[in-house]
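Number of protein chains: 2
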Amino acid sequence: MVTLADVARHAGVSASTVSYVLSGKRSISAPTRERIQHSIDTLGYRPHAGARALASSRTDILALMMPLRTGLYVPVMMEIAMAVTTTARSHGYDVLLLTGEEGPEAVRRVEGSAIADAMIVMDVGLDDPRLPWLREAERPAVLIGLPTETVDAGTDGLDCVDLDFEAAGARCVEHLAELGHTRVAVLGEPPAVYERGTGFAARTLTGLRAAADRHGVGLLHRPVDGTYAAVAAAVTRVFEERPGTTALVVQNEAAVEPLLALLRHQGRAVPEDVSVVAICPDQVAVHASVPLTAVSVPAQEMGRLAVERLVGRLAGEEPRGTELIAPRLTPRASTGPVAAPASPDVPTEDRRGHGGR
Amino acid sequence: MVTLADVARHAGVSASTVSYVLSGKRSISAPTRERIQHSIDTLGYRPHAGARALASSRTDILALMMPLRTGLYVPVMMEIAMAVTTTARSHGYDVLLLTGEEGPEAVRRVEGSAIADAMIVMDVGLDDPRLPWLREAERPAVLIGLPTETVDAGTDGLDCVDLDFEAAGARCVEHLAELGHTRVAVLGEPPAVYERGTGFAARTLTGLRAAADRHGVGLLHRPVDGTYAAVAAAVTRVFEERPGTTALVVQNEAAVEPLLALLRHQGRAVPEDVSVVAICPDQVAVHASVPLTAVSVPAQEMGRLAVERLVGRLAGEEPRGTELIAPRLTPRASTGPVAAPASPDVPTEDRRGHGGR
DNA sequence: TTGAAAGCGCTAACAG
DNA sequence: CTGTTAGCGCTTTCAA
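Protein chains in written order, with the numbering used here: chain A, -18 to 338; chain B, -18 to 338.
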């Protein structure tokens, strides 16, 4: 193994000089720097991570705690993880993957054994047992996703990054209201998600309801599991309870395709008979069997922001509290103006959907 | 921060004794061990990861290199990652997440800076530039997925874990042949996957073709992108080219729901008019709008096996070469006996699907 | 069964 | 601008 001492000897300088070339914390004359750099290259030297960590108390590693429960918003999780990893790399950090399953113990482990410099925690619930440990921790942490149902509560001292789900919900209703829809049903996440107090689901609902009130829109909310059967049951019931429903908002990745399949099966054309707005990653919206008008969940941006925060904190910046990402709704083929209710005989050919762009 | 020296002082012993209590590499008298353990607990001591790594040249970290290309078999990747992480933890290891995007450089980085003890590499292609570095590396590595199209070629010296895709393909055809199908079409991964030489796609095809020959089954193969449009085009063409097609094999997670939606749309009942067999994770098969007869891609098992191999290697075991997991086909609602071809007037009611268990 | 002591490879004062 | 030196916290011979 090539050590710093080897490089120093090869370049005819002292170890510290080599160290300073690497860290750039001291100005080195051009010739020496070049000579050292040359030695580094020819010898193929790489600093020993453990030694560096011991001497400097920095590991250049960020811990990322992901929920284990596979099958729940998988693509979003994956995108976030990848965004975190690539952003981290671009700042010189590596990423240690931890599962949420380990709970508070993982937080203490990271803290106690100095295995990472900071941590990113996903899927934090209300009264999450990790929160107290994170607050007390020496190392900075940032949460992806708000643990609370209302902004500015319970996150004292912790940095958070999340989509502004309240605004996202509102944006969906506004878009539909603009198109003339007045009867809207919401297909939400599975009941378990609401019960767990994951926050984002509740906040979305708040936004949806507020906007519905403002625009005189009637709103029906149904949590659904992401199976065809569950979606079918919920949608059927919605149309029975309120036959005048002309638009749906879906916040449930797994329910998207089942929903579209069902509507097709029932002979309801999208968007001629019913408009659909989704809150989901762009990828899901674009690749759906009907390209969906959607407020995108900016997974990449969330991952990137979280890392940048942490890098900032590690460079001495102060915590900045909660940062919500403004929602962006992209009109696609799944929404259109509400059909004229008075004349059900009008041929559908002339009402091809347009996104309203 | 609590150090080993603190514990030693608190317990009234030497540092080395504490160290040996922790590692168990020396027999310690019960009383001293208990006293030390008590000190450890009360002080809340955790060994410093960097210091330990420096002194012992072991980090207790496994590197996991995942493909970045998000959107490609995402759920499988995610499941593998989680299985790797939990299995690793159960053996006392943490997991460092690397993206495939970093390429060979990441391999050299892990090797050079001793940041991990071993690595797991996913999505290895033919002529993957990482292979030479992995072969030369000091640290053990195991590949998830065979980089070659044929077993026992080009993996010299490297451990591999993968599903036996050849047998999986064969199993699909056998199942359909048993049900009387003689005209089968295969919807495969996107063309890019075959071109990239990812191996598993080619091996599946080999198995499908061999079994088709054996059983006198006519096979049509179509790579498809995972969009509704692409699937619709491919399927429509298949039925035009060979109207007698009564069964489909799908190896493309993204194509599953579009396919089912399309068949429903075209009025082809599953499995009465057409049987569908998938090669995909169980989760996808179970939650599809029609529960799918499928050969499952055992993501969890692959992740677990990979880690166990690595742990074994780190404990001194010899490389074991390639290990293929035998495929398991689970009959569900999507396959049934072929409809009597001579009497197209027979009502479909009496031909309800059964999986043939 | 335990202790003493010499590093592991690097960083960061402190000194020139 | 560069060198000397004292650790960082732990593991592991070597001695007792």
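Think of the CB as a built atom: it goes at the ideal place given N, C-alpha and C, for glycine as much as any other residue. Keep in mind the model is a prediction, meaning the values are calculated, not measured.
Determine the contact status of A:V102 and A:L77, defining contact as a CB-CB distance below 8 Å.
The count along the first sequence starts at 1 and reaches residue 102 of chain A at position 121. The count along the first sequence starts at 1 and reaches residue 77 of chain A at position 96. Taking 8 Å as the Cβ cut-off, A:V102 and A:L77 do not qualify as a contacting pair.
Can you tell me whether A:D22 is buried or exposed, with buried defined as 16 or more other CB within 10 angstroms of its CB?
Taking the first residue of the first sequence as 1, we reach residue 22 of chain A at position 41. Exposed: under 16 other Cβ atoms inside 10 Å.
Need the endpoints of the alpha helix (DSSP H) that A:P110 sits in, please.
As a first step, residue 110 of chain A is located in the first sequence; it is residue number 129 there, counting from the start. Counting along the chain, A:P110 falls outside any alpha helix (DSSP H), and DSSP gives it neither H nor E.
Distance check for B:A242 and A:A228, CA to CA, integer angstroms please.
Taking the first residue of the first sequence as position 1, residue 228 of chain A is located at position 247. Taking the first residue of the second sequence as position 1, residue 242 of chain B is located at position 261. It is roughly 21 Å from the alpha-carbon of A:A228 to the alpha-carbon of B:A242.
Mark B:S20 as exposed unless 16 or more other C-beta atoms lie within 10 angstroms of its C-beta, in which case mark it buried.
Position 39 of the second sequence, counted from the first residue, corresponds to residue 20 of chain B. The residue is buried, with at least 16 neighbouring Cβ atoms inside 10 Å.
One question on the structure: do B:V91 and B:V288 come within less than 8 Å of each other, judged by their Cβ atoms?
Your numbering for residue 91 of chain B matches position 110 in the second sequence. Your numbering for residue 288 of chain B matches position 307 in the second sequence. Against a cut-off of 8 Å, the Cβ pair of B:V288 and B:V91 comes out as no contact.
Under DSSP, the alpha helix (DSSP H) around A:T185 begins and ends at which residues?
Locating residue 185 of chain A in the first sequence gives position 204, where the first residue counts as 1. Note, A:T185: alpha helix (DSSP H), 181 to 196.
Taking Cβ positions only, does A:H162 come closer than 8 Å to chain B?
Translated into the one-based positions of the first sequence, residue 162 of chain A becomes position 181. Cβ-Cβ to chain B under 8 Å: no for A:H162.
Cα-Cα separation, B:I17 to B:R27
Counting from one through the second sequence, the residue named residue 17 of chain B turns up at place 36. Counting from one through the second sequence, the residue named residue 27 of chain B turns up at place 46. Cα to Cα, B:I17 sits roughly 13 Å from B:R27.
Buried versus exposed call for A:P325 [16 or more other C-beta atoms within 10 Å across all chains shown]
In the first sequence, counting from the first residue as 1, residue 325 of chain A sits at position 344. With a pLDDT of 44 at A:P325, under the threshold of 50, the predicted position of this residue should be treated as unreliable, though the coordinate-derived value follows. It is exposed - the Cβ of A:P325 has fewer than 16 other Cβ atoms within 10 Å.
Name the chain B residues that come within less than 7 Å of A:Y209, Cβ to Cβ?
Within the first sequence, the letter at position 228 stands for residue 209 of chain A. Neighbours of A:Y209 on chain B, chain order: S270.
Does A:L144 get closer than 8 Å to chain B when you measure Cβ to Cβ?
Counting from one through the first sequence, the residue named residue 144 of chain A turns up at place 163. No - not a single Cβ of chain B is within 8 Å of the one on A:L144.
Would you mind stating whether B:T226 and B:A275 have Cβ atoms separated by less than 8 Å?
Here the question's residue 226 of chain B lines up with position 245 in the second sequence. Here the question's residue 275 of chain B lines up with position 294 in the second sequence. No.
8 Å is my cut-off, CB to CB: does B:A(-14) come that close to chain A?
Position 5 of the second sequence, counted from the start, is the residue given in the question as residue -14 of chain B. So, not an interface residue.
Sorted by chain position, which residues of the same chain lie with C-beta nearer than 6 Å to B:L49's C-beta, five sequence neighbours on each side aside?
Along the second sequence, read from residue 1 onward, the residue named residue 49 of chain B stands at position 68. Result list for B:L49: T80, G81, E82, in chain order.
With 8 Å set as the bound, which would you pick, yes or no: does the beta-carbon of A:G93 sit closer than that to a beta-carbon of chain B?
Position 112 of the first sequence holds residue 93 of chain A. True, the Cβ-Cβ gap to chain B drops below 8 Å.
Return the residue from the list B:A320, B:D109, B:G284, B:G317 that minimises the CA-CA distance to B:T67.
For the purposes of this step, residue 67 of chain B is taken as residue 86 along the second sequence, with counting starting at 1. Ranking B:A320, B:D109, B:G284, B:G317 by Cα distance to B:T67 puts B:G284 first.
Counterpart residues of B:A87 in DSSP-defined beta bridges:
In the second sequence, the residue the question calls residue 87 of chain B occupies position 106. None, per the DSSP bridge assignment.
Count the C-beta pairs between the segment 251 to 259 of chain A and the segment 190 to 207 of chain A that are closer than 8 Å, then say yes if the count reaches three, no if not.
No, the segment 251 to 259 of chain A does not touch the segment 190 to 207 of chain A.
Element boundaries [beta strand (DSSP E), containing B:H202]:
Sequence index remark: in the second sequence, residue 202 of chain B carries index 221 (1-based). 199 to 204 is the span of the beta strand (DSSP E), which, as asked, contains B:H202.
To which residues does DSSP link B:S277 through a beta bridge?
Locating residue 277 of chain B in the second sequence gives position 296, counting from the first residue. For B:S277, which the question treats as bridged, DSSP gives the partners B:C261.
What beta strand (DSSP E) runs, 3 residues minimum, are completely inside the segment 15 to 63 of chain B?
42 to 47
Answer with buried or exposed for B:A296, where buried requires no fewer than 16 other C-beta atoms within 10 angstroms of its C-beta.
On the second sequence, position 315 is the one that residue 296 of chain B refers to. B:A296 is classed as exposed because its beta carbon has fewer than 16 other beta carbons within 10 Å across all chains shown.
In chain order, what residues of the same chain lie with their CB nearer than 7 Å to the CB of A:R14, ignoring the 5 residues before and after it?
Numbered from 1 along the first sequence, position 33 holds the residue referred to as residue 14 of chain A. V2.
Limits of the beta strand (DSSP E) - the one that B:T217 falls within:
Stepping through the second sequence from its first residue, residue 217 of chain B is reached at position 236. Unbroken run through B:T217 is the alpha helix (DSSP H), 209 to 222; no beta strand (DSSP E).
Using only the alpha-carbon positions, how far apart do B:E238 and A:V212 sit?
What you label residue 238 of chain B is simply residue 257 of the second sequence in a count that begins at 1. What you label residue 212 of chain A is simply residue 231 of the first sequence in a count that begins at 1. Cα-Cα distance, rounded: 14 Å.
Where does A:R313 land, buried or exposed, given buried means 16+ other C-beta within 10 angstroms?
Here the question's residue 313 of chain A lines up with position 332 in the first sequence. Looking at its Cβ environment, which holds 16 or more other Cβ atoms inside 10 Å, A:R313 is buried.
Any beta-carbon of chain A closer than 8 Å to the one on B:I125?
The sequence position of residue 125 of chain B within the second sequence is 144, counting from 1. For B:I125, the answer is no, since every Cβ of chain A falls outside 8 Å of its Cβ.
If I measure Cβ to Cβ from A:A323 and keep anything under 6 Å in the same chain, skipping five residues before and after, which residues do I get?
The sequence position of residue 323 of chain A within the first sequence is 342, counting from 1. Caution is warranted here: a pLDDT of 44 is assigned to A:A323, below 50, making its placement in the model unreliable, and no coordinate value can be reported.
Hey, does A:V(-1) have any beta-carbon neighbour from chain B nearer than 8 Å?
In the first sequence, counting from the first residue as 1, residue -1 of chain A sits at position 18. So no, A:V(-1) is outside the interface.
Hey, would you say A:M58 sits closer than 8 Å to B:M59, going by beta carbons?
In the first sequence, residue 58 of chain A corresponds to position 77, counting from 1. In the second sequence, residue 59 of chain B corresponds to position 78, counting from 1. Yes, the pair counts as a contact, with Cβ atoms nearer than the cut-off.
Give the DSSP bridge partners of A:I342, in chain order.
The displayed coordinates of chain A run from -18 to 338. Any statement about residue 342 of chain A would go beyond what the structure contains.
Measure how close the beta-carbons of B:G84 and B:R111 come, nearest whole angstrom, since I'm counting them as under 8 Å.
Against the second sequence, residue 84 of chain B aligns to sequence position 103. Against the second sequence, residue 111 of chain B aligns to sequence position 130. Confirmed, Cβ separation roughly 7 Å.
Considering only the alpha carbon of each residue, which of A:A95, A:S8, A:M47 lies closest to B:G31?
In the second sequence, the residue the question calls residue 31 of chain B occupies position 50. Ranked by Cα distance from B:G31, the options A:A95, A:S8, A:M47 are led by A:A95.
If contact is defined by three or more beta carbon pairs under 8 Å, each pair taking one atom from either stretch, is the segment 178 to 194 of chain B in contact with the segment 144 to 152 of chain B?
At 8 Å Cβ cutoff, the stretches touch.
Residues in its own chain within less than 7 Å of B:V142 by CB, not counting five upstream and five downstream?
The residue given as residue 142 of chain B occupies position 161 in the second sequence. Here the set comprises V123, I125, M283, L286, A287, R290, E304.
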